[in-house]
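Asks: Shown below is the structure under consideration.
In the numbering used here, the protein residues as written are 4 to 70.
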């Protein structure tokens, strides 16, 4: 999988579609829990991905705080 494919994850997360976001976050969780694929995720090469994950986290926290 190329870096451009991983940057596509950031675009999906920012799109705001709940089903797609859940699917991609679950996929990232599985990949990051495996030692062989976790080393592939270098944030130096994936800055948009970290920003998108943090945006999702902030939105969820805000949603639960308001409701």
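Note that beta-carbon positions come from the ideal geometry of N, C-alpha and C, so glycine has one too.
In chain order, what residues of the same chain lie with their CB nearer than 7 angstroms to the CB of residue 51, ignoring the 5 residues before and after it?
Replies: Taking the first residue of the chain shown as position 1, residue 51 is located at position 48. Correct list, in chain order: 10 and 13.
Asks: Work out the CA separation of residue 43 and residue 34 for me, nearest whole Å.
Replies: Taking the chain shown and counting its residues from 1, one reaches residue 34 at position 31. Taking the chain shown and counting its residues from 1, one reaches residue 43 at position 40. Cα-Cα distance, rounded: 9 angstroms.
Asks: Give the C-beta separation of residue 59 and residue 16 to the nearest angstrom, bearing in mind that I take them to be a contact with Cβ-Cβ under 8 angstroms.
Replies: Indexing the chain shown from 1 puts residue 59 at position 56. Indexing the chain shown from 1 puts residue 16 at position 13. Yes, they are in contact, since the Cβ atoms of residue 59 and residue 16 sit about 6 angstroms apart, within 8 angstroms.
Asks: Would you say residue 62 and residue 53 are within 8 angstroms of each other, going by their C-beta atoms?
Replies: Stepping through the chain shown from its first residue, residue 62 is reached at position 59. Stepping through the chain shown from its first residue, residue 53 is reached at position 50. In this structure, residue 53 does not lie closer than 8 angstroms to residue 62 by Cβ.
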